[in-house]
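Mapped onto my numbering, the consecutive letters of the sequence shown carry residue numbers 1 to 326. A virtual CB, placed ideally from N, CA and C, is assigned to each residue, including glycine. Below is one structure, written out as structure tokens; the observations come after it.
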Amino acid sequence: MRKVFVVGGGGYIGSHMVKQLVQAGHQVVVGDNFSTGFRDAISGASIIEVDIGDQGALDDLFSTQEFDAVIHFASFIQVGESVLDPAKYYGNNLAASLALLRAMVKAGILNFVFSSTAAVYGNPVYVPIDEEHPKAPINPYGLSKWMVEQILRDFERAYGLKSAVLRYFNAAGADPEGCLGERHEPETHLIPLILQAASGRRKAITVFGRDYDTPDGTCIRDYVHVTDLVQAHARALDYLWAGNDSAVFNLGNGAGFSVQEVIETARRVTGREFAVSEAPRRSGDPARLVADSRRARETLGWRPIYPDLETIIKHAWQWELRALPK
Ligand code: UDP
Numbered sequence: 001m002r003k004v005f006v007v008g009g010g011g012y013i014g015s016h017m018v019k020q021l022v023q024a025g026h027q028v029v030v031g032d033n034f035s036t037g038f039r040d041a042i043s044g045a046s047i048i049e050v051d052i053g054d055q056g057a058l059d060d061l062f063s064t065q066e067f068d069a070v071i072h073f074a075s076f077i078q079v080g081e082s083v084l085d086p087a088k089y090y091g092n093n094l095a096a097s098l099a100l101l102r103a104m105v106k107a108g109i110l111n112f113v114f115s116s117t118a119a120v121y122g123n124p125v126y127v128p129i130d131e132e133h134p135k136a137p138i139n140p141y142g143l144s145k146w147m148v149e150q151i152l153r154d155f156e157r158a159y160g161l162k163s164a165v166l167r168y169f170n171a172a173g174a175d176p177e178g179c180l181g182e183r184h185e186p187e188t189h190l191i192p193l194i195l196q197a198a199s200g201r202r203k204a205i206t207v208f209g210r211d212y213d214t215p216d217g218t219c220i221r222d223y224v225h226v227t228d229l230v231q232a233h234a235r236a237l238d239y240l241w242a243g244n245d246s247a248v249f250n251l252g253n254g255a256g257f258s259v260q261e262v263i264e265t266a267r268r269v270t271g272r273e274f275a276v277s278e279a280p281r282r283s284g285d286p287a288r289l290v291a292d293s294r295r296a297r298e299t300l301g302w303r304p305i306y307p308d309l310e311t312i313i314k315h316a317w318q319w320e321l322r323a324l325p326k
């Protein structure tokens, strides 16, 4: 049993992580400022309301409690918003992450798992994308993550901080037992928006662009189940605790689905009809993002349990039905 500090444990992926760590018998402390997360998404862990940009508060915490690792999920994630308000993104995703890392080094906590993103690659020059693909983020969100990745390289060299950087492709789905799911406010992600249209919470789903260079003209993404994502984090922790060096891993299924295919699969899974409207391309959306995750499979022994889109949507639908106002 280990003691893990989960920053952002009240959020979508963080809350699934907490559940899995608690089930595995670890002692979990969640640090969250609840700006976007939810207290009621956390169970079996102690909760500390803290802003990770507040290094004094972290110093106090780390001087009274010892941790075997920190997992950091506390980021803003909206690409469009990051373009309009870069200060918010560099303030939280970059500056606050730096404060967290400084507090960790000061306290001698030297194992770190970091949520990064496929957005560090920018417009792909080849797909599937492996970890060596050139990094050229095209928005402040992706850049803020890439900057933290570079800080981590320097922190390993200078202070011995070991990190596993996990670059997510499209996180989707929900806890198969129906306890947790996606609750972004406002929701901007494709699958929950489609399911809100299917359940009647929303009038229609809007397709952003049908003029991409893809077979049906809509964008292709690699959707990966949130439970599989957190399983990769658990393996990354074991990898670090085994004394391995820092590493970077892509997390995706290696299968791409177009927006149109996601809509059709959702119609099948839900058995509901819903309206689809059209809009121009959303800025900053590459046509195709598909992961080469061989390294995570080979090095971490990561095996997604729910790689198929139907199951991902089925679990998200179960959650959407639960979240409907009664
Ligand atoms: N998308 C869409 N309509 C929406 C939301 C998203 O057509 O209402 C498209 C978006 O352009 C992208 C894909 O769905 O091609 C996945 O977008 P999402 O925001 O879910 O994730 P991202 O790829 O931005 O991480």
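Per the DSSP secondary-structure output, Gly31 pairs in a beta bridge with Val7 and Ile48. Using a cutoff of 7 Å, the CB of Arg167 does not count as near ligand 1, since none of the ligand's heavy atoms is closer than that. When beta bridges are read from the DSSP output, Phe112 appears opposite Val70 and Ser163. For Ala24, the secondary structure class from DSSP, reduced to helix, strand or coil, is coil.
The stretch 301-316 makes contact with the stretch 164-181, as at least three CB pairs between them are under 8 Å. Pairwise C-beta distances place the stretch 143-151 out of contact with the stretch 277-289, as fewer than three of them are shorter than 8 Å. With a cutoff of 7 Å, Arg221 counts as near ligand 1, since its C-beta is closer than that to a heavy atom of the ligand. Set against 7 Å, the gap from the CB of Leu190 to the closest heavy atom of ligand 1 is smaller. Using a C-beta cut-off of 8 Å, the stretch 129-136 makes no contact with the stretch 68-88, since fewer than three inter-stretch Cβ pairs fall below that distance. When the Cα atoms are used, Ile47 and Val262 turn out to be separated by approximately 36 Å. Going by DSSP, Ala171 is part of the beta strand (DSSP E) stretching over Asn170 to Ala172. About 7 Å separates the beta carbon of Val290 from that of Ile220, a gap short enough to meet the 8 Å contact definition.
Non-local beta-carbon contacts of Asn111 in its own chain, meaning distances under 6 Å to residues more than five positions away in sequence, involve Ala69, Lys162 and Leu240 in chain order. Asn250 has Arg167 as its beta-bridge partners, per DSSP.
A contact is defined here as three or more CB-CB pairs under 8 Å, and the stretch 176-196 fails this definition with respect to the stretch 231-249. Thr36 carries a coil assignment under DSSP once its states are collapsed to helix, strand and coil.
Annotated three-state conformation of Ile42 is coil, per DSSP. Of the residues Asn123, Ala296 and Leu61, the one whose Cα lies closest to the Cα of Gly254 is Ala296. Taking a C-beta distance under 8 Å as the contact criterion, Arg167 and Ala118 qualify as a contact pair.
Judged by their CB atoms, Leu98 and Ile151 are nearer to each other than the 8 Å cut-off.
Contact annotation: Arg235 and Gly301 have beta-carbon atoms nearer than 8 Å. Within the stretch 173-233, the runs of beta strand (DSSP E) that reach at least 3 residues and sit entirely inside it are, in chain order, 204-208 and 223-225. Taking each of Ser43, His16 and Val50 in turn and checking the Cα distance to Asp32, the smallest one comes out for Val50. Distance between Val22 and Val7, taken at the CA atoms: about 15 Å. The continuous stretches of alpha helix (DSSP H) do not include Ser75, and DSSP gives it neither H nor E.
The DSSP assignment places 294-300 as complete runs of the alpha helix (DSSP H) inside the stretch 264-315, in order along the chain (cut-off: 4 residues). Rounded to whole angstroms, the gap between the alpha carbons of Tyr141 and Thr270 is 33 Å.
In chain order, Leu110 place their CB closer than 8 Å to the CB of Gly160, counting only its own chain and leaving out the 5 sequence neighbours on each side. Under the three-state reduction of DSSP output, Ile13 falls in the helix class. In the DSSP assignment, Gly56 falls within the unbroken alpha helix (DSSP H) covering Gln55 to Thr64. Here Ile71 really is in contact with Met17; their C-beta atoms are around 6 Å apart, less than 8 Å.
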